[in-house]
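Just so we're aligned: 184 in this note's numbering is position 26 of the sequence shown, and the numbers increase by one with no gaps anywhere.
C-beta atoms are modelled at their ideal positions from N, C-alpha and C, and glycine is treated no differently.
Computed from a prediction, not measured in an experiment: that's the story for all the values here.
Let me begin by presenting the structure, written as structure tokens, before commenting on it.
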Amino acid sequence: MSGAEKKLNERKKLILKAIVDAHIANGEPVGSKFLTQNKQIACSSATIRNEMAELEEMGYLEQPHTSAGRIPSEAGYRFYVDQLIDRYNLAQSEIDELKSALRQRRSELDSIMQTAAALAAKLTNYTALAVKPRQARITVNRFEIMRLDEYTAVLIMLIGGVVKTKYIRSRSPIPPDAAMLLAGALNAKLTGLTADEINMPILMDMERCLGEYDYLVNPVVKAVCETISVFDGGELRFEGINKLLAFPDYYDMDRLREMLALFEKKEALLEVLSDEARKDDQVQVFIGRENVVKVMDNSTLIFKAVTQNGKAVGAIGIIGPTRMDYRRVIATIDSLSRGVTDALGSPRDDG
Numbered sequence: 159m160s161g162a163e164k165k166l167n168e169r170k171k172l173i174l175k176a177i178v179d180a181h182i183a184n185g186e187p188v189g190s191k192f193l194t195q196n197k198q199i200a201c202s203s204a205t206i207r208n209e210m211a212e213l214e215e216m217g218y219l220e221q222p223h224t225s226a227g228r229i230p231s232e233a234g235y236r237f238y239v240d241q242l243i244d245r246y247n248l249a250q251s252e253i254d255e256l257k258s259a260l261r262q263r264r265s266e267l268d269s270i271m272q273t274a275a276a277l278a279a280k281l282t283n284y285t286a287l288a289v290k291p292r293q294a295r296i297t298v299n300r301f302e303i304m305r306l307d308e309y310t311a312v313l314i315m316l317i318g319g320v321v322k323t324k325y326i327r328s329r330s331p332i333p334p335d336a337a338m339l340l341a342g343a344l345n346a347k348l349t350g351l352t353a354d355e356i357n358m359p360i361l362m363d364m365e366r367c368l369g370e371y372d373y374l375v376n377p378v379v380k381a382v383c384e385t386i387s388v389f390d391g392g393e394l395r396f397e398g399i400n401k402l403l404a405f406p407d408y409y410d411m412d413r414l415r416e417m418l419a420l421f422e423k424k425e426a427l428l429e430v431l432s433d434e435a436r437k438d439d440q441v442q443v444f445i446g447r448e449n450v451v452k453v454m455d456n457s458t459l460i461f462k463a464v465t466q467n468g469k470a471v472g473a474i475g476i477i478g479p480t481r482m483d484y485r486r487v488i489a490t491i492d493s494l495s496r497g498v499t500d501a502l503g504s505p506r507d508d509g
């Protein structure tokens, strides 16, 4: 805990919490007159103004140029999330809807994640996301080559417990002995390697092994790398992107375009979510400039990993303005993530 946080007495905490709650509710700067109506604070307007000024000096509040009231800073939101937030309990109707939707597709990861994201967007009224993380290290365990005709073969790859195939069409013939040599070279040189580890010296070594059939190496290795990359690529889906338009924080068209481009390209966000989902199974909150992706410096990202057999297989999250209903969103994401984890770990119930 920093020195600044140690100086927050109970009155300052009450005032900061009241300001964050009020700003989340109405989006306007909060003044001392409004806070005098809060029975928990119970002190004069002058005292409240002094406390607000000190909270601003400590970095927890900001004062917009056009108003005498204050709004929370990123540090204020962070302290609120870490220290002041009340537990939010989902309504029974929300819990029933969640359980009913998840029960219908109990063991289908893609479907259940998409259902969970749609529910998150509906229950919170923010943009929701469902993530299938990139896997840390994808390699091929074994290769086989099946020759179909003189110019066509099927490349068969065992990746973990999954079989992937690629058609290889060559302008030059693929004799039976070439197929055998190629399978041998692939198993000797490429098993256990990621796409990034397949380099030029390895390709040249394989070409030497193939001799007169060296023309087969490049198309086959290209097919291997493409397959590994797709298998390793992860997936990111959004629900309720149009909900951003409801918030003044995204009225600036340039900023909105940048956010929409982020959602369309997905790569930067998928990279962050894949890394973070593997680190922690708690609800994670990134406020404003805590986000690695620069365009999200006025947004909050909240998500939690979904696990199966103790391993992160996905994540459910919310993106919205820093002026977010943190209590509701954190409770919803926590419940959804636990619900999906439970559903994936439970046997199918068709009754």
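| query | result |
| --- | --- |
| By DSSP, does G497 sit in helix, in strand, or in coil? | helix |
| Should E425 go down as buried or exposed, given a rule of 16 or more other Cβ atoms within 10 Å for buried? | exposed |
| Leaving aside the five residues before and after A311 along the sequence, list all residues of the same chain whose C-beta is less than 7 Å from its C-beta, in chain order. | I303, M304, R305, I326, I332, A337 |
| So what does DSSP say about G189, is it helix, strand or coil? | coil |
| Report yes if the CB atom of L169 is closer than 8 Å to the CB atom of E209, and no otherwise. | Leu is not the amino acid found at residue 169; the sequence shown has Arg there. Yes, these two residues count as a Cβ contact at 8 Å. |
| With a 10 Å radius around its C-beta and 16 neighbouring C-beta atoms as the bar for buried, classify T490 as buried or exposed. | buried |
| What is the rounded straight-line gap between the Cα of S265 and the Cα of A473? | Residue confidence is low: S265 scores 47 on pLDDT, short of 50, so the model does not pin down where it sits. Its coordinate-derived value is still stated next. Straight-line Cα distance between these residues: approximately 16 Å. |
| Which whole-angstrom value describes the C-beta separation of I445 and L287, a residue pair presumed to lie in contact below a C-beta threshold of 8 Å? | Their Cβ separation, rounded to whole angstroms, is 17 Å, which puts I445 and L287 out of contact at 8 Å. |
| Could you tell me how far apart the beta carbons of A274 and V430 are, in whole angstroms, since I believe they sit closer than 8 Å? | With 8 Å as the limit, A274 and V430 do not qualify as a contact, their Cβ atoms being about 20 Å apart. |
| Our contact map puts S493 next to V464 with C-beta atoms below 8 Å; I'd like the distance itself, whole angstroms only. | Contact flag wrong, Cβ pair sits at about 12 Å. |
| With a CB to CB cut of under 8 Å and the five nearest residues on each side skipped, what residues in its chain are close to T219? | Position check: residue 219 holds Leu in this sequence, whereas Thr was assumed. The residues are L174, I177, M210, L213, R228, I229, P230, S231, G234. |
| Any idea what DSSP makes of T282, helix, strand or coil? | helix |
| Which parts of the stretch 338-419 are runs of the beta strand (DSSP E), unbroken and 3 residues or longer, counting only runs that do not cross its ends? | 393-397 |
| Evaluate the contact criterion for the stretch 339-347 versus the stretch 360-375: three or more CB pairs, one atom per stretch, below 8 Å. | yes |
| Considering V523, what are the terminal residues of the beta strand (DSSP E) in which it resides? | The first residue shown for the chain is 159 and the last is 509, placing residue 523 beyond what the model contains. |
| Alpha carbons only, please: which of N467, D483, I488 is nearest the one belonging to D500? | N467 |
| Taking DSSP as the reference, what is the three-state secondary structure of R329? | coil |
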